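Participant:
Number of protein chains: 4
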Amino acid sequence: MSSRNGKLTGIFTPNLVPLDSRGDINEAELRRYIDWLIDRGVHGIYPNGSTGEFTRYTVEERRRIIKIVCDQAAGRVPVLAGAAEANVKETIAACELYHDYGARAVAIVSPFYYKLSPESVYAYFAEVARHSPIDVTLYNIPMFASPIDTPTIKRLAGEFERIIGIKDSTGDVAFMCRMMQAVKPIRPDFSFLTGWDVVLLPMLVMGVDGGTNATSGIVPELMRKLWDLIHANQIDAARDLQLRILEVFDTMLFSADFPEGFRAAVELRGFNFGRSRQPLSDVQSIDRLALQRVLQCILADFGVVDAPSEGCVPRTGNLERDKVMQVTEAVMAKLRRRGGA
Amino acid sequence: MSSRNGKLTGIFTPNLVPLDSRGDINEAELRRYIDWLIDRGVHGIYPNGSTGEFTRYTVEERRRIIKIVCDQAAGRVPVLAGAAEANVKETIAACELYHDYGARAVAIVSPFYYKLSPESVYAYFAEVARHSPIDVTLYNIPMFASPIDTPTIKRLAGEFERIIGIKDSTGDVAFMCRMMQAVKPIRPDFSFLTGWDVVLLPMLVMGVDGGTNATSGIVPELMRKLWDLIHANQIDAARDLQLRILEVFDTMLFSADFPEGFRAAVELRGFNFGRSRQPLSDVQSIDRLALQRVLQCILADFGVVDAPSEGCVPRTGNLERDKVMQVTEAVMAKLRRRGGA
Amino acid sequence: MSSRNGKLTGIFTPNLVPLDSRGDINEAELRRYIDWLIDRGVHGIYPNGSTGEFTRYTVEERRRIIKIVCDQAAGRVPVLAGAAEANVKETIAACELYHDYGARAVAIVSPFYYKLSPESVYAYFAEVARHSPIDVTLYNIPMFASPIDTPTIKRLAGEFERIIGIKDSTGDVAFMCRMMQAVKPIRPDFSFLTGWDVVLLPMLVMGVDGGTNATSGIVPELMRKLWDLIHANQIDAARDLQLRILEVFDTMLFSADFPEGFRAAVELRGFNFGRSRQPLSDVQSIDRLALQRVLQCILADFGVVDAPSEGCVPRTGNLERDKVMQVTEAVMAKLRRRGGA
Amino acid sequence: MSSRNGKLTGIFTPNLVPLDSRGDINEAELRRYIDWLIDRGVHGIYPNGSTGEFTRYTVEERRRIIKIVCDQAAGRVPVLAGAAEANVKETIAACELYHDYGARAVAIVSPFYYKLSPESVYAYFAEVARHSPIDVTLYNIPMFASPIDTPTIKRLAGEFERIIGIKDSTGDVAFMCRMMQAVKPIRPDFSFLTGWDVVLLPMLVMGVDGGTNATSGIVPELMRKLWDLIHANQIDAARDLQLRILEVFDTMLFSADFPEGFRAAVELRGFNFGRSRQPLSDVQSIDRLALQRVLQCILADFGVVDAPSEGCVPRTGNLERDKVMQVTEAVMAKLRRRGGA
């Protein structure tokens, strides 16, 4: 399912990176995590994306992450390797290396820090496309990097066969439709992947080819089920599941600075991801524990993890309140147990 | 179709207002326009919306518009009357009057000019809801007015039965899903209408009840057909039509300051809407003529208007270039005809 | 000082409007307030500005406000009358009327609700300028209305003598400098007024002619003193005062939805302004009382009001914390008094 | 002047980096440039800032740049070394190294790519401050990186003596005043530097200590003169110069994606900076030549470069038009000379 006539399709997981107690890449845990994802049905792996905190690693670490993931995937699913580096020359060097590692394609985020004009964004990707030995996917994420507008996407798709798709993280369905209307007539082979998990169903209805969805790194079985329901044309069941996934995604997204909520969640699945490269204040560390308790209750409703032993109180949809309530319930339960002893 | 258990459903047309040569409301043309819309299948009329330029009329004119529309609709379709005035007291007076005129409900835009906090937005709508004799629809359009956030929508829906729905013009599918997840459990009767024409299909797939779509004021037959295709579960045909409607909508939206592109378009359907209340510069007047030619070519492809006698050249999707090309073609055709004479 | 070769100069007060117990304009209190402002040295009055909540009044009320203010000012200081109405025709009618009332000039906010392009903004003001019998001041406030960019200001200033100045509320010193560099060479008589109270000193240093400052409606003596210090070239003293005024302005601006913080403050000067047209929720009403206590402590430091009888605790600069602390102190003081009885 | 009781004061130049024909750092030219800047009176050098395109270099290159600059400055002026790396650990390593190189302090930009909350920004800087052996300056540039808000600045300044100042590139005078009011009472030794060249005078009037101004890398003699005029209390002359510098800055800033306009300008001063790491499209390369011609005319008015041999036509202030006109004039002059031959 993940490749059809060479097209990128399906659910690609932008994987988080586990760290050990010294803050270094935990290779064994990363390999175990990749296996776990593939076993639960994701169609591809996307290391060094925003979820994978690529900017917080050194050049050497970014290379090592791709090497490990490609090696562990071992051809079972395609690897879409994030390859953006400090400048065009370094990025092309990464493309060459990841090609050797066996990645299916690279994903290159639009230049960031500086907010570049469309002409500069074009010049950057054109230069990469001219020299890359591996297929290139544009990565549009305007909340973090220079936007890639529709005319620029059309121009790049029209000029460079090497550019084979776009990963878009705006979540803007109308914008994605505009892109598809502009590009599909000239490049029917072009892949459109959405990075906004909560609109995967409506995006697929409108014709995209798949998603690079951080939620699939936490509940791969649910995202795969959503994909299967849609492709079995069970739209009502798909909608119900999509709307329930909204709570999972929003809780992880709005609970902490991205992607810390996803790091907190993945630990509930039995992995040890260690402390993030971005330090947490004391207040944030306490808040993270409360968040994990809420997340455990949400995930328990799906049956993918056990509920806390003290049980869960109903959620209100107000995250701050829910965190207080779930934690209060946990403390009360402990007191009750002590009182009963 | 337009009302199910009292719920607002279907396509509501936010009607433009025709003016006569003195700049006053052209009542005869407005009545003819309303008939034309109803004949082509729209499920309701929504006067005094943003498309209807309500802010550019006097209090007396706004009242007259509602009176004419209610009178002309004559119960054939429900009227959702825009009722926002300068302050709560004036707004409530409009609610009372429009109730007398026979409107089905009012739509009240969130306070504008000042950007108000959620607490103030709540206080405003709560006060209106307490005194309105007619059902109230919240109108969320953050690009023009104070945003109504999801907790506030939930709070208002939970406290006031008088508030029966929301018209949302963000076009943000994820936001609409969040709203529905928050409100439907406590108010299954609540109506969700989207004001963003290019995502009507994905919004309906996710569970909204209808749309208030300016495009239905220009091509009512197409928007109605889109609605019917969706409800006949012909998703592929619906998607194709939705994606083609994108070009119509974008051309009208991005060609001129809203809603002048829609005014330019409706004239192609055989109506005389006169000059807008917002003056055009000389450059804008010329540009409007070029736009109309492009729009005529787009609409001719749907078979709802005749193509220009000189024919149409293929469109590039670049509006400015398309305007130049269509106009150039028209001039060339005229020169050819003269040369041939 | 308020007029030099006809130029608008000095501190213009954008006056708040007092309401009576029925919510109607309190004419007697408004007249008393205007006298009080003039007695304390402001150079002009600017009714129907954003501070004056012009959008929350009816057409008739807006007219009455200008009439009262012109009548009460009685030539002692010039009146700059806010004259924006629903459309060009209505705005021109207001210009004519306010000319008859004796206003020195009108101030016309850029069209709002719709966000218009520079070409439309130009067309609007050009049409007004062609027909107005009274001098026109452009009013640029991009946070609420369509922005007026520098090329448009230059174009309007170059074409219409009737347009004599601009009131800018961006607070952006660089933007104001760009405007002055563009306009002064072609219109040395053009007035530049800043509506951002906390940068009055740096703006005056860079060459503006005055300000329309809401703070001067609360502490007219302090804003006048700031003006006098600058013109006496006492820059160090002026800086100290300007920086202290920052706390007054910020507390009023960030404490409540504008301009409610200013309404809360003016009552401390001995006026009864009644309840605003925008309703307050219960939470907001309580919060307003806490705010007034903080404001009383701030203003007492300047000696313009008495400190609360219970005294003031030191402020932290964190408004929410300060509100809690001042209110706590007040309650404690009352308890102490009771305990001592 | 550049250091008073250890405080950072004066004009620090955020230096551009010259590249050779292979795209590598041109060490000889960089050393010559640093000498040239110091000879023309700048008070300090600030390598690896945004102007210095630090994100476009490798870790090794960033280190080399600091090493060269420190070595060449040789204690004549202090070096403020940009030290932000991929994560806290790497950033601290850079602090240690730059301390050894002899930098006076480091400037650390707030984390970028991800938009972090104030609590995360605090945690990041707190961790750096705890371990840095060299004084740390916060670098706030919200258009590119996570904003550092006033409460966070106050918190960091209050807790860590190691943090000695802030470089702010918002250009927002009111924001800078708020910062100073919050921090100066608890840290009178704290330095406030503005990175927004066009408001240096008003910022200094309000009490900042200096600037890190890219314009001083192009016309160091003018920025130094502005500084001297202000400190000689010649405010009128300072204002005139500041307003003229506006044209220089705006032309460089708005003519191309930052900092390419500054790269184009510095070449007019007799340096060879080579091609930027960010590729230019063909259109951009042509546009850059036109820009240089306009810049040459602007700088010639100050007498710091010769006017083009063909002369300059008056500028309109509309950059695109000015580029066309200056280039047209140059071509015409060449044709005239040929015609005359």
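Chains as they are written, first to last, in the numbering used here: chain D, 1 to 341; chain H, 1 to 341; chain W, 1 to 341; chain Y, 1 to 341.
Positions of the beta carbon are idealized from the N, C-alpha and C atoms, including for glycine.
Values in this document were obtained by computation on a predicted structure and should not be read as measured data.
Closer than 8 Å, Cβ to Cβ, to anything on chain W: give me those residues from the segment 84-95 of chain H, in chain order.
Facilitator: Taking 8 Å as the Cβ-Cβ cut-off against chain W, the residues of the segment 84-95 of chain H that qualify are Ala86, Asn87, Val88, Lys89, Glu90.
Participant: Could you tell me which residues DSSP pairs with Ala81 (chain D) in its beta bridges?
Facilitator: Within the first sequence, numbered from 1, the residue matching residue 81 (chain D) stands at position 81. The partner list for Ala81 (chain D) (beta bridge, DSSP) reads D:Val106.
Participant: Residues of chain W with CB closer than 7 Å to the CB of Pro202 (chain Y), please, in chain order.
Facilitator: Indexing the fourth sequence from 1 puts residue 202 (chain Y) at position 202. Here the neighbours are Val173, Pro202, Val205, Met206.
Participant: Quick check on this structure: which residue in H:Phe160, H:Phe249, H:Ala93, H:Gly6 has the alpha carbon closest to the alpha carbon of Val199 (chain H)?
Facilitator: As a working note, residue 199 (chain H) is residue 199 in the second sequence. Nearest option by C-alpha distance: H:Phe249.
Participant: Rounded to whole angstroms, what's the CA-CA distance from Asp197 (chain Y) to Ala214 (chain Y)? Just pull it up for me.
Facilitator: Residue numbering aside, residue 197 (chain Y) sits at position 197 when the fourth sequence is read from its first letter. Residue numbering aside, residue 214 (chain Y) sits at position 214 when the fourth sequence is read from its first letter. In a straight line, the C-alpha of Asp197 (chain Y) is about 7 Å away from that of Ala214 (chain Y).
Participant: Does the CB of Met143 (chain Y) have a neighbour CB from chain D at under 8 Å?
Facilitator: Position 143 of the fourth sequence, counting from 1, holds the residue named residue 143 (chain Y). Closer than 8 Å: yes.
Participant: Could you say if the segment 281-289 of chain Y and the segment 118-138 of chain D meet the contact criterion of at least three C-beta pairs nearer than 8 Å?
Facilitator: Taking 8 Å as the limit for Cβ pairs, the verdict is that the segment 118-138 of chain D does touch the segment 281-289 of chain Y.
Participant: Measuring only between beta-carbons, confirm whether Arg239 (chain D) sits less than 8 Å from chain H.
Facilitator: Position 239 of the first sequence, counted from the start, is the residue given in the question as residue 239 (chain D). Judged by the 8 Å Cβ criterion, Arg239 (chain D) is in contact with chain H.
Participant: Can you list, in chain order, the residues of its chain with a C-beta nearer than 6 Å to that of Ile265 (chain D)? Leave out the 5 residues immediately preceding and following it.
Facilitator: Reading the first sequence from its first residue, position 265 is the one you call residue 265 (chain D). Checking the sequence shown, residue 265 (chain D) turns out to be Ala, not Ile. For Ala265 (chain D), where only same-chain residues beyond five positions count, the Cβ hits under 6 Å are Ile218, Met252, Leu295.
Participant: Starting from the Cα of Asp35 (chain D), find the closest Cα among D:Glu53, D:Asp71, D:Leu19, D:Gly52 and give me that residue.
Facilitator: Stepping through the first sequence from its first residue, residue 35 (chain D) is reached at position 35. Cα-wise, what sits closest to Asp35 (chain D) is D:Asp71.
Participant: For a test of the three-state rule: what should DSSP assign to Ala145 (chain H), helix, strand or coil?
Facilitator: Translated into positions along the second sequence, residue 145 (chain H) becomes position 145. In this structure, Ala145 (chain H) counts as strand in the three-state DSSP scheme.
Participant: Quick one: does Ser2 (chain Y) have its CB under 8 Å from some CB of chain D?
Facilitator: Residue numbering aside, residue 2 (chain Y) sits at position 2 when the fourth sequence is read from its first letter. In this predicted model, Ser2 (chain Y) has a pLDDT of only 38, less than 50, meaning its place in the structure is not dependable; the value taken from the coordinates is given anyway. Ser2 (chain Y) does not count as touching chain D.
Participant: Just curious, the alpha helix (DSSP H) that Leu342 (chain H) is in, first and last residue?
Facilitator: As displayed, chain H neither begins before 1 nor continues past 341, which places residue 342 (chain H) out of reach and without an answer.
Participant: Between which two residues does the alpha helix (DSSP H) harbouring Val128 (chain D) extend?
Facilitator: As a first step, residue 128 (chain D) must be located in the first sequence, where it is residue number 128. Residues 118-131.
Participant: Does the segment 67-83 of chain H come close enough to the segment 97-110 of chain H that 3 or more CB-CB pairs lie under 8 Å?
Facilitator: Short answer: they touch.
Participant: Grab me the residues of Ala107 (chain H)'s own chain with a C-beta within less than 6 Å of its C-beta, minus the 5 sequence neighbours each way, in chain order.
Facilitator: To locate residue 107 (chain H), count along the second sequence from 1; it is residue 107. The residues are Leu80, Gly82, Thr137, Tyr139, Lys167.
Participant: Would you verify that the beta carbon of Ala107 (chain W) is, or is not, closer than 8 Å to some beta carbon of chain Y?
Facilitator: For the purposes of this step, residue 107 (chain W) is taken as residue 107 along the third sequence, with counting starting at 1. No, Ala107 (chain W) does not count as interfacial toward chain Y.
Participant: What are the complete beta strand (DSSP E) segments, minimum 3 residues, inside the segment 171-238 of chain W?
Facilitator: As far as the segment 171-238 of chain W is concerned, its whole beta strand (DSSP E) runs of at least 3 residues are 191-194, 210-212.
Participant: What residues match up with Asp168 (chain D) in a beta bridge as DSSP calls it?
Facilitator: Working through the first sequence from its first residue, we reach residue 168 (chain D) at position 168. Paired residues: D:Asn140, D:Thr194.
Participant: Under 7 Å between beta-carbons, which chain H residues line up against Glu119 (chain W)? List them in chain order, please.
Facilitator: As a working note, residue 119 (chain W) is residue 119 in the third sequence. Those within 7 Å of Glu119 (chain W) in chain H are Ser281, Val283, Gln284.
Participant: In the structure shown, what three-state DSSP assignment does Thr58 (chain Y) receive?
Facilitator: In the fourth sequence, residue 58 (chain Y) corresponds to position 58, counting from 1. In this structure, Thr58 (chain Y) counts as coil in the three-state DSSP scheme.
Participant: Looking at the structure shown, is Gly303 (chain D) part of a helix, part of a strand, or coil, going by DSSP?
Facilitator: Counting from 1 along the first sequence, the entry for residue 303 (chain D) is found at position 303. Of the three classes helix, strand and coil, the one that applies to Gly303 (chain D) here is coil, per DSSP.
Participant: Check the Cβ of Gln278 (chain Y) against every Cβ in chain D and list those closer than 9 Å, keeping chain order.
Facilitator: Residue mapping note: residue 278 (chain Y) aligns to position 278 of the fourth sequence, counting from 1. Those are Asn87, Val88, Pro111, Tyr114, Leu116, Ser120, Ala123, Tyr124, listed as they occur along chain D.
Participant: Can you list, in chain order, the residues of its chain whose CB lies under 6 Å from that of Glu53 (chain D), leaving out five sequence neighbours each side?
Facilitator: Reading the first sequence from its first residue, position 53 is the one you call residue 53 (chain D). Nothing listed; no residue qualifies.
Participant: So Phe273 (chain D) is in the alpha helix (DSSP H); what residue range does that whole segment cover?
Facilitator: In the first sequence, counting from the first residue as 1, residue 273 (chain D) sits at position 273. Per DSSP, Phe273 (chain D) belongs to no alpha helix (DSSP H) and is neither H nor E.
Participant: Compute the Euclidean distance between the alpha carbons of Glu85 (chain W) and Val208 (chain W), then round it to the nearest angstrom.
Facilitator: The residue given as residue 85 (chain W) occupies position 85 in the third sequence. The residue given as residue 208 (chain W) occupies position 208 in the third sequence. In a straight line, the C-alpha of Glu85 (chain W) is about 28 Å away from that of Val208 (chain W).
Participant: Could you name the residues of the segment 160-192 of chain Y whose beta carbon sits closer than 7 Å to any beta carbon of chain W, in the order they occur along the chain?
Facilitator: Going along the segment 160-192 of chain Y in chain order, one finds Gly171, Val173, Ala174, Cys177, Arg178, Gln181, Ala182 with a Cβ nearer than 7 Å to chain W.
Participant: Please list, in chain order, the residues of the segment 55-68 of chain D that have any C-beta partner in chain Y closer than 9 Å.
Facilitator: Flagged, chain order: Thr55, Arg56, Tyr57, Thr58, Val59, Glu61.
Participant: So Leu222 (chain W) packs on Ile186 (chain W), CB below 8 Å; how close in whole Å?
Facilitator: On the third sequence, residue 222 (chain W) is found 222 positions in, with the first residue counted as 1. On the third sequence, residue 186 (chain W) is found 186 positions in, with the first residue counted as 1. Not confirmed; about 36 Å, so no contact.
Participant: For Asn5 (chain W), decide whether its Cβ has a neighbour in chain Y, counting only Cβ atoms nearer than 8 Å.
Facilitator: The residue you call residue 5 (chain W) lines up with position 5 of the third sequence. Because Asn5 (chain W) carries a pLDDT of 47, less than 50, the predicted location of this residue cannot be relied on, and no value is offered for it.
Participant: Measuring CA to CA, which of D:Met203, D:Asp287, D:Val305 is closest to Gly195 (chain D)?
Facilitator: Here residue 195 (chain D) is taken as the residue at index 195 of the first sequence, counted from 1. When only C-alpha atoms are compared, the closest one is D:Met203.
Participant: Using only alpha-carbon positions, find the residue among W:Pro151, W:Glu247, W:Val324, W:Leu291 that is nearest to Ala182 (chain W).
Facilitator: Along the third sequence, read from residue 1 onward, the residue named residue 182 (chain W) stands at position 182. Comparing Cα-Cα distances from Ala182 (chain W) to each of W:Pro151, W:Glu247, W:Val324, W:Leu291, the minimum goes to W:Pro151.
Participant: Find the nearest neighbour of Lys115 (chain Y) within the set D:Thr9, D:Pro259, D:Thr170, D:Phe160, judged by alpha-carbon distance.
Facilitator: Looking up residue 115 (chain Y) in the fourth sequence gives position 115. Residue D:Pro259 is the option with its Cα nearest to Lys115 (chain Y).
Participant: Since Leu8 (chain Y) and Ala105 (chain Y) are thought to touch, with beta carbons under 8 Å apart, how far apart are those beta carbons, to the nearest angstrom?
Facilitator: In the fourth sequence, counting from the first residue as 1, residue 8 (chain Y) sits at position 8. In the fourth sequence, counting from the first residue as 1, residue 105 (chain Y) sits at position 105. Going by Cβ atoms, the distance from Leu8 (chain Y) to Ala105 (chain Y) rounds to 7 Å, so yes, they are a contact pair.
Participant: From the DSSP output, read off the bridge partner residues of Leu19 (chain Y).
Facilitator: Here the question's residue 19 (chain Y) lines up with position 19 in the fourth sequence. Note: Leu19 (chain Y) sits in a beta bridge opposite Y:Ile25.
Participant: By Cβ distance below 7 Å, which residues in the same chain neighbour Met180 (chain D) in space, the five residues on each side in sequence not counted?
Facilitator: Residue mapping note: residue 180 (chain D) aligns to position 180 of the first sequence, counting from 1. Correct list, in chain order: Phe192, Gly207.
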